[in-house]
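In this note's numbering, the protein residues as written are 37 to 206. A short worksheet on the structure shown next.
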């Protein structure tokens, strides 16, 4: 596992703003965005189709795990980091995969609540928080206007949410 940076290298990455953004923030944000948005459709489609929290939780968990693994490999195999300056691909893959899983799993957790309607209410709130966090990260590290960033992530999330609801009700 020599591809994973040690404490001294991590300290160096965190201490250098450009390196921190390229090696941690960017892959982490890509993962968080993917996990938060891509898992919405299967989760909400399942909720509206089955009205069964346990089933929704299992579908959400499977979606988050699958998306995390997929994104980890996608980022880890995208480039070796030399040409782009993005650093170690294995480390970036781990960051992306973990954040993708986290983004998909957070709004799955409410479905541990047996009442699907209560779980949906909590899931809506969690998704809202996830989207605001994404907008804040984009604003903080990529200098995107906070209002524009909110609009972009809400439109993207809303489209996927609508697809999930429409599919689940069909």
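Ideal Cβ positions, reconstructed from N, Cα and C, are used throughout, including at glycine.
Excluding five sequence positions before and after residue 102, none of the CB atoms of its chain fall closer than 7 Å to its own CB.
Taking a C-beta distance under 8 Å as the contact criterion, residue 144 and residue 198 do not qualify as a contact pair.
Excluding residues up to 5 positions away in sequence, 73, 76 and 77 lie with their Cβ nearer than 6 Å to the Cβ of residue 196 in the same chain. Inter-residue distance for residue 159 and residue 178 is about 27 Å (C-alpha atoms, whole angstroms). By the 16-neighbour rule on beta-carbons within 10 angstroms, residue 115 is exposed. Residue 75 sits in coil when the DSSP states are folded into three classes, being neither helix nor strand. In terms of Cα proximity to residue 68, the closest of 200, 185, 194 and 169 is 169.
In the three-state DSSP reduction, residue 150 falls in the coil class, being neither helix nor strand.
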